[in-house]
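The structure appears below as structure tokens.
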Amino acid sequence: MAQQPPSQALFAVLEYGEFPELLRIAEAGRNALAAPPLFFFAKRGYRRLAADSAEVVARGFQWLDADGRLHEAAAPAEAPVAPVGAVTEAIASAPAQLPEGRPNRSAGRSLLSVGLIPLFAAASFFADMVGVARTLARDLANFSRDRRRFRRRYQALSRILESRKPSLLVVGQDGVGSDLSFLLIAAGRLDIPRLIAPFAMFSLQETADYAGARPDHDAATGALNRLVARMYPHWLLRQDGRKVLRLPGYRALALETSGLIHGKPWTPLSEPSEAVTADSKVAADTLESLGLERSRLHVIGSPVQDLLARKLDTRHEVRERLSQAYGFDVGKPLLLCGWPVNMFAWLGGRPISYASYEELAAAWAQALKQAAVRHGVNVIVSVHPKTLDEEYAVARTQGLACQRGGVEDLVAACDAFTTLNGSSITSWAIACGKPTLLFDCFLTRYRDFLEVPGCINVESAQDFSAELHKLCGDAAWRETLAQRMKTVSADWGQLDGQAGARVEKLLAQIVSRGSL
């Protein structure tokens, strides 16, 4: 009888932001696995499928598409997305118009108006009733649709797990009602061990702000929202004197009644799993404060921290390479900017100091350029994978050096770091002891960074400009911040070069079902 090949560990990716960390985990832990890892791009229309599947193949791994089909070659390059039509012109073509004619006022009209109040009140009441009925009908239709859709996707994902029989399931998050949460539930029912290796930071305030800015999350609006608030109070959160739901009521009800949520809606990574990794003590403390059980958390660092440690050891060589690539004077200070991502959709209409992303990007580019010119520092912009080319074009127009990827080199080489509040790269900079300036232009107010010695937090453009000039122009101030940062840097990352070994050990324990 032929021997069955060993089963593979399945690394499931939903959003491309998860991919780099999962790939590093797979690389670091491959010796602990009986067979090469298998990547599963679970989302249809995954934006970077060609590039990320090529990365998988280059490392000798195979991958599955969203339907569970196995591939050994990279996906073909995606066709460029067609630009959206000129909506602004269409809107601008219909200017506001003043009312026509002269005001018509008379005693008779006033008496008639008073007499018509009951009629218009009744009409308004019935109109409101019609509106309520329409809203209820819409929510019921959405509930029915989501319930069917969630069940179908869960069943499809269960079949993929049953056919592949992986030795381990690894995911980077467990978004409520997402494919990854369904995979975790299905794996539990199939007795497949599970590991959550998060790639991002988490903030209850950010999640609450997102929900609070959306009317369909209001717990007091609509029959299904009120039903969920009454029957499933764990979906409720008080936000600025209001009660908001984590998801619209119809969606929360679809998940609850179909049995496709086992975790806590407001607690990240709370779907059942054998273990959750944390890259630092600070990350573990944050997750525990958000309601995650400490017993599930394993502070093992991250493979990227091993890379950062190596880059710091060869920092001068890295700076030489960057200087040659961008024409920098290697003797001048290097300011690294994590270019702000476009979070206007997350704001949900909540106002900030900038009316548009274009305005915000222009302000950042101008501030960086002014600092470079006034203080003679080298400035390099690190571009997030999700940022579109046109979203950082203004930085290139200002003559700023821009780079996608290779962030580890940039963090290790820089003398100071700036970005918006909430960037995961910030934790890398703090772990490396880099003086840091955070401009919270989207008002996310991540609390983790607010009291870090050596990390300056500002919320206004004026304060950002002032602190940026001080950071770039005062070497003694940078050294003071760096010394302060070193008092806490170990809490933000383990730069001992052993994170990969800890990853390998943890994977081996989970797969063998040993004691954790």
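Here our numbering is used: the first residue of the sequence shown is 18, the next is one more, and so on. From the three backbone atoms N, C-alpha and C, an ideal C-beta is built for every residue, glycine too.
Pull up the CB-CB distance for Lys281 and Gly308, whole angstroms please, since I reckon it's below 8 Å.
6 Å
Are Val221 and Val528 close, meaning C-beta to C-beta below 8 Å?
According to the sequence shown, residue 221 is Leu rather than Val. Going by C-beta atoms, Leu221 is not nearer than 8 Å to Val528.
For chain C, find out if any of its Cβ atoms is closer than 8 Å to the Cβ of Gln420; answer yes or no.
Checking the listed chains, one finds no chain C in this structure; it contains a single protein chain.
Alpha carbon to alpha carbon, what distance is there between Leu454 and Leu427?
16 Å
Do Leu304 and Phe219 have their C-beta atoms closer together than 8 Å?
yes
My parser needs the alpha helix (DSSP H) runs of 4 or more residues fully inside the segment 332-385; what are they?
332-343, 361-364
Under the three-state reduction of DSSP, which class applies to Leu153: helix, strand or coil?
helix
Less than 7 Å between C-beta atoms, sequence neighbours within five positions excluded: which residues of the same chain meet that for Arg122?
With a pLDDT of only 48 at Arg122, under the threshold of 50, the placement of this residue in the model should not be trusted, and no figure is reported.
Helix, strand or coil at Trp283 according to DSSP, with G and I counted as helix
coil
When you compare only the Cα positions, how much space is there between Leu174 and Gln256?
35 Å
Might you give, ordered along the chain, the residues of its own chain that have their beta carbon closer than 6 Å to the beta carbon of Ala103, omitting 5 neighbours on each side?
With a pLDDT of only 35 at Ala103, under 50, the local geometry of the prediction cannot be trusted, and no value is derived from it.
Within 10 angstroms of its Cβ, does Ala111 collect 16 or more other Cβ (buried), or is it exposed?
Only weak support exists for where Ala111 lies, its pLDDT of 42 falling under 50; the value from the coordinates is given anyway. That one is exposed.
Mapping DSSP to helix, strand and coil, what is Thr443?
helix
Using a Cβ distance threshold of 8 Å, determine whether the segment 27-36 contacts the segment 173-193, with at least three qualifying pairs required.
yes
Give me the residue from Ser399, Asp82, Arg519 with the minimum Cα distance to Asp323.
Arg519
Buried versus exposed, by CB contacts within 10 Å (16 or more), Leu467:
exposed
At which residues does the alpha helix (DSSP H) containing Gln415 begin and terminate?
Looking at the DSSP string, Gln415 is not in any alpha helix (DSSP H), and its letter there is neither H nor E.
Spatial neighbours of Asp163 within its chain, please: C-beta separation below 6 Å, excluding the five flanking residues on both sides.
Arg268, Ala271
Assign Asp208 to buried or exposed, taking buried as 16 or more other Cβ atoms, counted over all protein chains shown, within 10 Å of its Cβ.
exposed
Leaving out five residues before and five after Ala378 in sequence, what residues of the same chain have Cβ atoms less than 6 Å from its Cβ?
Val411
Just to confirm before moving on: does the CB-CB distance between Ser297 and Gly510 stay below 8 Å?
yes
Where does Ala92 sit, in a helix, a strand or coil, going by DSSP?
coil
Between the C-alpha atoms of Leu254 and Arg367, what's the straight-line distance to the nearest angstrom?
19 Å
Supposed contact pair Pro357 and Thr443 - C-beta distance, whole angstroms, cut 8 Å
Incorrect: roughly 12 Å between the Cβ atoms, too far for contact.
With respect to the beta strand (DSSP E) encompassing Lys260, which residues constitute its N-terminal and C-terminal limits?
259-262
Start and end residues, alpha helix (DSSP H) containing Ile278:
Segment: none, Ile278 is in no alpha helix (DSSP H) and carries neither H nor E.
Alpha carbon to alpha carbon, how far is Leu115 from Pro350?
Bear in mind that the predicted position of Leu115 carries a pLDDT of just 49, short of 50, making it too unreliable to give a figure here.
Using the Cβ count rule (16 or more neighbours within 10 Å means buried), how would you classify Asp69?
buried
Which first and last residues belong to the beta strand (DSSP E) in which Leu324 is found?
That residue, Leu324, is in no beta strand (DSSP E); its alpha helix (DSSP H) goes 320-330.
Which residue comes first and which comes last in the alpha helix (DSSP H) that contains Cys489?
478-490
Taking all protein chains shown into account, do 16 or more other C-beta atoms lie within 10 angstroms of the C-beta of Pro250, making it buried, or fewer, making it exposed?
exposed
Straight-line gap, Cys449 to Arg421 (C-alpha atoms, nearest Å)
20 Å
Proximity to Trp80 [Cα-Cα], best of Leu277, Pro53, Glu95:
Pro53
Quick one: any contact between the segment 329-348 and the segment 369-376, if contact means 3 or more CB pairs under 8 Å?
no
Using only CA atoms, which one of Asn159, Glu496, Arg155 lies nearest to Asp432?
Glu496
Under the three-state DSSP convention, the category Ile177 falls into
helix
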